[in-house]
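Counting in the working numbering, the sequence shown runs from 346 upward without gaps.
Comments concern the structure below.
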Amino acid sequence: MSKGILQKRVEIQGLATAILLPSVGVFGGPIGSEVGELGPLTSVVGIGLFQRTVLTLQRAGIRQLIVLSGPDEEQLKHSLAKGPRVTIPVRWMPMREFPIDDPRTWEALATEVRGFALIATVNGVFSRGLIEQLRQDVRDGHAIVVAQPRPQPDELP
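Shown next, in the form of C-alpha cells:
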C-alpha cells in the first residue's frame, strides 16, 4: 500500500474535523451574554477569538470545520474573510435550523464527519500543540474532554 493511500486512510479515520460552537458553550449556555464576558468576536492581541480558534485548528492539522452559528454568523464570516487566509473548508450550519439540543442535529453532523470530531467553543485560547496531542490521543470508543472550569463565586475579583 502506498504511503499516500495509507496517510489518507489515517486522516479519514483520525481526528480531522472540528465542530465549532461560537455562540454557545459546549453544554448549551450562551457565550458573552454577560457584561465583561468574552464573545467570539472579542479581540485578544489583535485577533478575534473565533478567527484565532479557526487558524489554530488549521495549523494543528484539522482539515474540515463545521460551524454551528448563531445570530452573529455574518460577522464571523466577515472576520474570517478579512484576516489571514483560511485554507480549509468551512461549513456553516445555523443553530436556528440545527439547534444543539435536538438529536437530529447531531445525527446530521454524524453524516458529515469521517472518523472523529473535536467539538469546541471559542471563548478561550488554546495551543496548536494541544490539538496536535488530541489528534494523536484519540481512540475509538473514548471521549476526551478538555474544559476550563468556571470560576467559583469566592474566586471572582
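The beta-carbon is built from N, C-alpha and C at its ideal position, and this holds for glycine as well.
- Item | Per DSSP, the bridge partner or partners of I464 | Along the sequence shown, read from residue 1 onward, the residue named residue 464 stands at position 119. I364, per the DSSP bridge assignment.
- Message: Taking its Cβ as the centre, do 16 or more other Cβ atoms sit within 10 Å of G391, making it buried, or is it exposed?
- Response: Taking the first residue of the sequence shown as position 1, residue 391 is located at position 46. By the 10 Å Cβ count, G391 comes out exposed.
- Query: Counting only runs that start and end within the region 396-437, where is the alpha helix (DSSP H) found for 4 or more residues in a row?
  - Reply: Along the length of the region 396-437, whole alpha helix (DSSP H) runs at least 4 residues long occupy 418-427, reported in chain order.
- Item | Terminal residues of the alpha helix (DSSP H) in which L383 lies | Sequence index remark: in the sequence shown, residue 383 carries index 38 (1-based). Here L383 belongs to no alpha helix (DSSP H), and DSSP marks it neither H nor E.
- Just checking my contact of A455 with A363 at CB under 8 Å: how many whole Å lie between their CB atoms? By 1-based counting over the sequence shown, the position of residue 455 is 110. By 1-based counting over the sequence shown, the position of residue 363 is 18. Not a contact, Cβ separation roughly 15 Å.
- Take R404 and list the residues in its own chain whose beta-carbon comes closer than 7 Å to its own, dropping the five residues that flank it on each side. Taking the sequence shown and counting its residues from 1, one reaches residue 404 at position 59. R473.
- Message: Strictly by DSSP, which residues pair up with I392?
- Response: By 1-based counting over the sequence shown, the position of residue 392 is 47. Paired residue(s): V389.
- Message: Contact between the region 402-421 and the region 430-442 is defined here as three or more beta-carbon pairs at a separation below 8 Å; is this criterion met?
- Response: Between the region 402-421 and the region 430-442 there are three or more C-beta pairs closer than 8 Å, enough to call the two in contact.
- Within this structure, are the beta carbons of L421 and P367 separated by less than 7 Å? The residue given as residue 421 occupies position 76 in the sequence shown. The residue given as residue 367 occupies position 22 in the sequence shown. Yes, they are a contact pair.
- Message: For A453 and T398, which I take to be in contact (beta-carbon distance under 8 Å), what is that distance rounded to the nearest angstrom?
- Response: Here residue 453 refers to the residue found at position 108 of the sequence shown. Here residue 398 refers to the residue found at position 53 of the sequence shown. About 22 Å; that fails the 8 Å criterion.
- What's the call for A361, buried or exposed, on a 16-neighbour Cβ count within 10 Å? The residue you call residue 361 lines up with position 16 of the sequence shown. It is buried - the Cβ of A361 has at least 16 other Cβ atoms within 10 Å.
- Rounded C-alpha distance that separates F444 from V412: By one-based count along the sequence shown, residue 444 stands at place 99. By one-based count along the sequence shown, residue 412 stands at place 67. Checking the sequence shown, residue 444 turns out to be Pro, not Phe. The alpha-carbon atoms of P444 and V412 are separated by roughly 12 Å.
- So, helix, strand or coil for P439, using DSSP? The count along the sequence shown starts at 1 and reaches residue 439 at position 94. DSSP places P439 in strand when its eight states are reduced to three.
- Whole-angstrom C-beta distance between G428 and G359, which should lie under 8 Å: Residue numbering aside, residue 359 sits at position 14 when the sequence shown is read from its first letter. Residue numbering aside, residue 428 sits at position 83 when the sequence shown is read from its first letter. Wrong, their Cβ atoms sit about 27 Å apart, outside the cutoff.
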